[in-house]
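Protein chains in written order, with our numbering: chain A, 13 to 322; chain B, 13 to 322.
Below is one structure; the comments refer to it alone.
2 protein chains.
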Amino acid sequence: MTEKSTGQAVLIVGSVALDNVRTPFGEVREALGGAAVYSSIAASYFAPVRLVGVVGTDFPREHMQFLTSRNIDLAGMQIVSGLTFRWSGSYEFDLNQAHTLETQLNVFQHFCPDIPESYRDSNYVFLANIDPELQLRVLDQVQSPKLTVCDTMNFWIENKRDCLLEVLKRVDVAFMNDAEARQLCGTFSLVKAARQIRELGPPVVIVKKGEHGAVMVTDSAYFAAPSYPLEEVIDPTGAGDSFAGGFIGYIAATDDISEANLRKATIYGSTLASFNVQDFSLRRLASLTAGDIADRYCEFKQIAHFEALE
Amino acid sequence: MTEKSTGQAVLIVGSVALDNVRTPFGEVREALGGAAVYSSIAASYFAPVRLVGVVGTDFPREHMQFLTSRNIDLAGMQIVSGLTFRWSGSYEFDLNQAHTLETQLNVFQHFCPDIPESYRDSNYVFLANIDPELQLRVLDQVQSPKLTVCDTMNFWIENKRDCLLEVLKRVDVAFMNDAEARQLCGTFSLVKAARQIRELGPPVVIVKKGEHGAVMVTDSAYFAAPSYPLEEVIDPTGAGDSFAGGFIGYIAATDDISEANLRKATIYGSTLASFNVQDFSLRRLASLTAGDIADRYCEFKQIAHFEALE
Numbered sequence: 013m014t015e016k017s018t019g020q021a022v023l024i025v026g027s028v029a030l031d032n033v034r035t036p037f038g039e040v041r042e043a044l045g046g047a048a049v050y051s052s053i054a055a056s057y058f059a060p061v062r063l064v065g066v067v068g069t070d071f072p073r074e075h076m077q078f079l080t081s082r083n084i085d086l087a088g089m090q091i092v093s094g095l096t097f098r099w100s101g102s103y104e105f106d107l108n109q110a111h112t113l114e115t116q117l118n119v120f121q122h123f124c125p126d127i128p129e130s131y132r133d134s135n136y137v138f139l140a141n142i143d144p145e146l147q148l149r150v151l152d153q154v155q156s157p158k159l160t161v162c163d164t165m166n167f168w169i170e171n172k173r174d175c176l177l178e179v180l181k182r183v184d185v186a187f188m189n190d191a192e193a194r195q196l197c198g199t200f201s202l203v204k205a206a207r208q209i210r211e212l213g214p215p216v217v218i219v220k221k222g223e224h225g226a227v228m229v230t231d232s233a234y235f236a237a238p239s240y241p242l243e244e245v246i247d248p249t250g251a252g253d254s255f256a257g258g259f260i261g262y263i264a265a266t267d268d269i270s271e272a273n274l275r276k277a278t279i280y281g282s283t284l285a286s287f288n289v290q291d292f293s294l295r296r297l298a299s300l301t302a303g304d305i306a307d308r309y310c311e312f313k314q315i316a317h318f319e320a321l322e
Numbered sequence: 013m014t015e016k017s018t019g020q021a022v023l024i025v026g027s028v029a030l031d032n033v034r035t036p037f038g039e040v041r042e043a044l045g046g047a048a049v050y051s052s053i054a055a056s057y058f059a060p061v062r063l064v065g066v067v068g069t070d071f072p073r074e075h076m077q078f079l080t081s082r083n084i085d086l087a088g089m090q091i092v093s094g095l096t097f098r099w100s101g102s103y104e105f106d107l108n109q110a111h112t113l114e115t116q117l118n119v120f121q122h123f124c125p126d127i128p129e130s131y132r133d134s135n136y137v138f139l140a141n142i143d144p145e146l147q148l149r150v151l152d153q154v155q156s157p158k159l160t161v162c163d164t165m166n167f168w169i170e171n172k173r174d175c176l177l178e179v180l181k182r183v184d185v186a187f188m189n190d191a192e193a194r195q196l197c198g199t200f201s202l203v204k205a206a207r208q209i210r211e212l213g214p215p216v217v218i219v220k221k222g223e224h225g226a227v228m229v230t231d232s233a234y235f236a237a238p239s240y241p242l243e244e245v246i247d248p249t250g251a252g253d254s255f256a257g258g259f260i261g262y263i264a265a266t267d268d269i270s271e272a273n274l275r276k277a278t279i280y281g282s283t284l285a286s287f288n289v290q291d292f293s294l295r296r297l298a299s300l301t302a303g304d305i306a307d308r309y310c311e312f313k314q315i316a317h318f319e320a321l322e
């Protein structure tokens with residue numbers, strides 16, 4: 013790896029899981045999943061990825077091989093005696109809302125993200141949804157990243173609020189979905205919530221709204237990204253993670269954190285998320301070409317622009 | 013009025029009402045309202061308007077004067093012995109959903125839209141939300157409009173479905189909100205619903221999604237218009253009507269039904285709707301300047317565009 017591409021690698025820390033998922037369109041069992049996996053695969057279309065996570069000794073070898081084949085460095089992947097984290101969930105026809113049926117933390121319960129020495133110079137860092145204490149631990153270990161991005165979930169908002177607020181003080185970009193933003197701020201208005209989250213620290217807030225797209229709020233911009241118009245969402249699992257992965261992967265690849273580039277990154281995030289939900293697990297996300305991604309990005313322009321349309 | 017501006021006038025047919033509205037931000041009583049009023053005021057910023065509606069003899073003279081002052085031709089306004097249509101509604105913190113407290117149809121119950129001879133050459137026609145039988149009656153009376161636009165509501169979808177389907181076969185543009193589109197098509201997916209509505213007749217379908225903006229679907233385009241990011245919506249009454257009025261008013265003014273212009277019209281519709289919800293009744297909508305409208309239109313460009321941003 014050249015000096016340049018090393019500098020632009022994305023460090024991703026989060027869960028690696030085996031998922032059972034049921035939606036109105038079918039189901040999968042023991043499928044590769046987890047926030048760090050979805051985001052790493054998405055980011056890998058743009059930049060080399062360094063994944064820090066944990067799996068049990070039962071974790072299928074072919075999954076490791078698959079991740080490696082996608083230019084994902086697994087030097088930071090801990091393999092611990094025991095079973096891999098498992099999540100079982102289902103979705104009704106309103107596919108915006110996951111219903112967790114079962115969570116078996118297994119080896120993930122005692123996960124402690126130790127960032128390998130060789131990863132600590134990472135300029136782009138994505139803290140996928142894990143305990144905010146662990147997110148802080150990662151922030152303590154990286155040297156001077158150009159951009160840090162975090163995600164979270166309702167559980168931490170309820171149970172580790174102070175710790176999460178500490179994370180928000182220290183990151184550059186906070187991702188949240190609409191329900192989480194409302195919950196954190198105690199307000200129905202997402203516009204108000206986005207402002208309030210920015211006031212908690214992160215200069216950039218991205219609120220994901222599922223079928224309604226996403227908004228990115230900075231000190232100078234309010235950018236509304238549409239969602240890609242799919243008649244059917246087959247499996248929304250990992251949509252938010254592939255969004256964040258596409259977002260930070262594109263920024264790392266371009267090494268440009270200007271507002272104009274953050275907008276494009278938001279659309280690339282939406283692009284990756286839109287592919288992800290078109291099939292179960294990583295079936296669609298794993299087999300994209302650069303042309304697929306470029307074509308859909310252009311489609312987003314046709315969807316969103318209303319003047320000077322090319 | 014010159015020959016040219018006559019040709020570009022917008023004919024609007026619908027309700028004229030006195031509203032009692034309560035939202036978490038306050039209330040108004042006996043305020044000027046009704047779909048035809050909201051849409052006419054919005055359209056009047058772009059083009060001359062010909063309003064066909066009915067009021068009772070109790071309808072305040074100052075409201076008539078106000079409408080006339082906005083370049084709205086009232087030759088088609090019927091004044092009938094009795095009381096004006098009254099609607100009472102309230103909104104909770106989720107301002108997307110109106111709760112009707114009381115409807116007094118009064119003179120509106122026997123409203124029969126007779127289009128004055130001088131209006132029958134109107135090129136641009138908006139059938140605001142009224143009984144689809146009456147909408148058909150209007151379509152029978154106009155000569156050969158360039159663009160007909162309809163709106164509707166859940167009551168007609170439930171109770172006059174066949175008649176509504178007949179309207180949809182005959183109009184060029186159908187407006188519906190998200191709940192109505194889902195109800196009409198029996199599907200949760202708005203993308204699917206928009207396609208299905210197009211298959212019922214109208215070449216252009218616009219689905220309004222409140223705080224999530226609107227989508228316009230044609231045979232060649234899927235255009236997602238964001239909503240304007242307001243921290244507080246004071247009173248959503250008339251939002252959909254001012255949207256439709258701004259939309260058709262802009263098209264009439266430009267006399268251009270190309271897809272590119274329909275997109276711009278959708279943003280002008282969103283612009284007018286966004287002003288409308290910033291205050292009760294017509295307080296904000298009635299006092300806009302051309303500069304207010306142009307500035308907000310430009311803001312929409314900043315909100316939606318992600319490449320070649322000026």
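Note that CB positions come from ideal geometry on N, CA and C, so glycine has one too.
The structure presented is a predicted model; accordingly, all values stated were derived computationally and were not measured.
The count of Cβ pairs closer than 8 Å, one atom from the stretch 241-253 of chain B and one from the stretch 201-216 of chain B, stays below three, leaving the stretches out of contact.
Contact between the stretch 81-98 of chain B and the stretch 234-249 of chain B is absent: fewer than three C-beta pairs spanning the two stretches fall below 8 Å. In the structure shown, Phe235 of chain B adopts extended strand secondary structure according to DSSP, grouped into three states.
Contact check for Thr278 of chain B against Ile305 of chain B fails: the beta carbons are separated by 8 Å or more. Proximity to Gly261 of chain A across A:Thr35, A:Leu44, A:Leu86 and A:Asn135 peaks at A:Asn135, based on C-alpha coordinates. For Leu242 of chain B, at least one C-beta of chain A is nearer than 8 Å to its own C-beta.
Contacts with chain A at 8 Å (Cβ-Cβ) include Val203 of chain B. When secondary structure is reduced to three states using DSSP, Phe167 of chain B falls in the helix class. Counting every other CB atom within 10 Å of its CB across the protein chains shown gives His317 of chain A a total of 16 or more, marking it as buried.
Proximity of chain A to Pro238 of chain B at the Cβ level (cut-off 7 Å) is accounted for by Ala236, in chain order. Across the structure, Thr69 of chain A and Gly281 of chain A are spaced so that their CA atoms are roughly 32 Å apart.
In this structure, Gly257 of chain B sits near Phe138 of chain B, with a CB-CB distance shorter than 8 Å.
For secondary structure counted as the alpha helix (DSSP H) over 4 or more consecutive residues, the stretch 20-67 of chain A holds these complete runs in sequence order: 47-56. For a Cβ distance threshold of 7 Å, residue set Phe318 of chain B lies close to Ile279 of chain A, ordered along the chain. For the stretch 202-235 of chain B, the full-length alpha helix (DSSP H) segments reaching 4 residues or more read 202-211 along the chain. Under the three-state reduction of DSSP, Asp85 of chain A is assigned to strand. Phe123 of chain B sits in coil when the DSSP states are folded into three classes, being neither helix nor strand. Between Glu104 of chain B and Gly38 of chain B, the alpha-carbon positions lie close to 11 Å from each other. A straight-line Cα-Cα distance of about 41 Å links Gln155 of chain A and Glu244 of chain B. In the three-state scheme derived from DSSP, where H, G and I count as helix and E and B as strand, Phe259 of chain A is classed as helix. Proximity of Phe105 of chain B to chain A, defined by a Cβ-Cβ separation below 8 Å, is satisfied. With respect to the C-alpha of Lys181 of chain A, the residue from A:Asp126, A:Met188, A:Phe259 and A:Ile209 having the closest C-alpha is A:Ile209. In the three-state reduction of the DSSP assignment, Ile91 of chain B falls in the strand class. Looking from the CA of Thr115 of chain B, the closest CA among B:Asn32, B:Ser51 and B:Ala59 belongs to B:Asn32.
Excluding its 5 nearest sequence neighbours in each direction, Arg275 of chain A has C-beta neighbours in its own chain below 6 Å: Phe235, listed in chain order. For the C-beta of Phe37 of chain B, not a single chain A residue is nearer than 7 Å; the gap to the nearest is close to 12 Å. In the assembly as shown, Thr35 of chain B is a buried residue. Its beta-carbon has 16 or more other beta-carbons within 10 Å.
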